[in-house]
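Numbering-wise (our numbering), the sequence shown opens with residue 2 and increments by one.
Quick reminder that beta carbons are idealized off the backbone N, C-alpha and C, glycines included.
Note that this is a predicted model, so its numbers are computed, not measured.
Below: the structure, in structure tokens.
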Amino acid sequence: MKVPICQKLANLSKALATISCAAFAHDSFVSQAIAQVEFDDAEFFIEINGTDGDAGVQLKLDGEGWNSLEMTNPIGGILLELDADESGSIGLQGLTEFFFESAEPSFDDQTLAELFALFPEGEYEFEGMTTEGEMIVATAEFTHNIPAIPEPEVIVYDDGGVEITWMEVEDAFDDPNGAPVGDDIEIDMYRVIVDALDEEGEGLVTLDIELPATSDRISIPEEFLALSSEGEFKFEVIATEESGNQTIFEGEFDATEITASATGPSRLVNISSRSVAGTGESTQIAGFVVSPGEDRQVLLRAVGPGLESHGVNGFVADPSITVFDSDGNPIATNDDWVAADIGDTFATVGAFELDANSADAAILLTLAPGLYTAHVGNTSGVDGIVLLEVYEVIN
């Protein structure tokens, strides 16, 4: 029969034999009579997979050997009870580290607001008993502050090097269903996980690195890259907020597909700008220069609908893109890209994929040295977000 934690405490002292379980939690002299220690670590947090569009909660506990545990939410509701048989092997040996990860239903099956309702903000309390008969306790502050999805880019150099870069995460997660996710985001760290894959696409070995909040890139060691004979890798970039809540971006790359040169003078191979695109004076415009020398092949994209899969709402539903030369003459335009024409180029330059023949715009051009501008068209007349990108295509 399961014995409540409070009853175990009462049985430890004859002086407390007449105290009921209900009264135990409120009588101050109980904690004086029973030795009390604290867990070394207690973390309760939310994890969002921004690529797959799902969320769940996770718990990490660490402390000296214990054999029973009770977890309560900020309003006193019991969420979890663990009780090992004191005469059994686990009860005698005790647990130290404890971790669980909840189910992570998609936002279609469970909205973020519904998850928040199950797990309100506030202090979650943990009480248990150690194998030495001491009470072990902890509290964990739980918030709904969720960081935005990291937006990484993979650069494969012609000397065999691979670098994963990302923009600093400063904003809150843009929930597709509009749940309030906090507006005071402070990144604690970034974590990068890379899996080397075999010819069947199965993981061989994992590289897992934690980086400070000031980091915006990591170079993958050559020794690790050599582990995949096919050059195929999966990766995650995780932004972790000070509360412990974290948001994941998942992607893949082929280390044999070169996207940049590591020799000669450094040069910029990609620029991008995500901002509100309107009409007239509010038209989104980016200027770029093809440096003196040979002609360059350039990929330009105006991404609107393609942002939805990255958790961005309020985008322009059908953007177009027009390229002008330095004299203001239009030289190329596109409204709705065609996958068969330039889809393979996306992977070549390391750009994220778009749904085939979506309403996003993209142009592949060969340009002579000179000054150019790219203008985003917005025929809807409603201001919205567009990601304007310019890539140099290095063959």
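Asked                                                                                                                        : Found
At least 3 beta-carbon pairs within less than 8 Å: the segment 277 to 288 vs the segment 374 to 390                          : yes
Inter-residue CB distance, Ala261 and Tyr392 (contact presumed, cutoff 8 Å)                                                  : So it is not a contact: roughly 10 Å between Cβ atoms.
Pair within 7 Å by beta-carbon distance, Glu242 and Asn146                                                                   : yes
Cβ-Cβ distance between Ile219 and Ile156 below 7 Å                                                                           : no
Inter-residue CB distance, Leu389 and Val377 (contact presumed, cutoff 8 Å)                                                  : 6 Å
CB of Pro320 within 7 Å of CB of Ala303, strictly                                                                            : yes
Three CB pairs or more closer than 8 Å across the segment 299 to 317 and the segment 336 to 356                              : yes
Any 3 or more C-beta pairs closer than 8 Å across the segment 170 to 184 and the segment 72 to 81                            : no
The segment 206 to 222 in contact with the segment 109 to 126 per 3-pair CB rule at 8 Å                                      : no
Candidates Arg297, Glu223, Val394: closest to Ile343 by CA position                                                          : Val394
Neighbourhood of Gly95 by C-beta, 6 Å cutoff - its chain only, sequence neighbours within 5 removed                          : Gly66, Trp67, Asn68, Thr132
Beta-carbon contacts of Ser103 that lie in its chain and below 6 Å, excluding the five residues immediately before and after : Gly57, Val58
Distance between Thr374 and Gly64 (C-alpha atoms, nearest Å)                                                                 : 60 Å
Helix, strand or coil at Leu355 according to DSSP, with G and I counted as helix                                             : coil
Beta-carbon spacing of Ala227, Val170 below 7 Å                                                                              : no
Rounded C-alpha distance that separates Asp110 from Asp175                                                                   : 18 Å
Coil, strand or helix - Ile188 by DSSP                                                                                       : strand
Burial state of Met136 (16 or more Cβ within 10 Å)                                                                           : buried
Given Ser310 as reference, the closest of Glu44, Leu355, Arg297 once Cα atoms are compared                                   : Leu355
DSSP three-state assignment for Ala341, whether helix, strand or coil                                                        : helix
Leu70 and Gly129 closer than 7 Å at C-beta                                                                                   : yes
Of the residues Thr140, Phe101, Ala118, the one placed nearest Val38, counting alpha carbons only                            : Thr140
Runs of beta strand (DSSP E) lying entirely within the segment 281 to 335, each at least 3 residues, in chain order          : 286 to 291, 297 to 304, 320 to 325, 331 to 335
Span separating the alpha-carbon of Gly183 from that of Val193                                                               : 24 Å
Cutoff 6 Å; reference Thr334; Cβ partners in own chain excluding five residues on either side                                : Thr323
Beta-carbon proximity check, Thr52 vs Glu126, cutoff 7 Å                                                                     : no
Inter-residue spacing [alpha-carbon to alpha-carbon] between Ile49 and Gln247                                                : 6 Å
Cβ neighbour criterion (16 or more within 10 Å) applied to Glu187                                                            : exposed
Neighbourhood of Asp55 by C-beta, 7 Å cutoff - its chain only, sequence neighbours within 5 removed                          : Glu105, Pro106, Ser107, Phe108
Own chain partners of Ile364 with C-beta closer than 7 Å, once the 5 adjacent residues on each side are dropped              : Leu301, Ile322, Val324, Ala333, Asn335
Pairwise C-alpha distance: Phe46 and Glu203                                                                                  : 29 Å
C-beta contact flag for Gly252 and Phe234 at 7 Å                                                                             : no
CB contact flag (Phe120, Lys61, <7 Å)                                                                                        : no
7 Å Cβ cutoff met for Ile91 and Ala85                                                                                        : yes
Given Val317 as reference, the closest of Glu295, Val290, Gln285 once Cα atoms are compared                                  : Gln285
Close Cβ partners of Asn314 (< 7 Å) along its chain, the five nearest in sequence each way excluded                          : Asp175, Pro177
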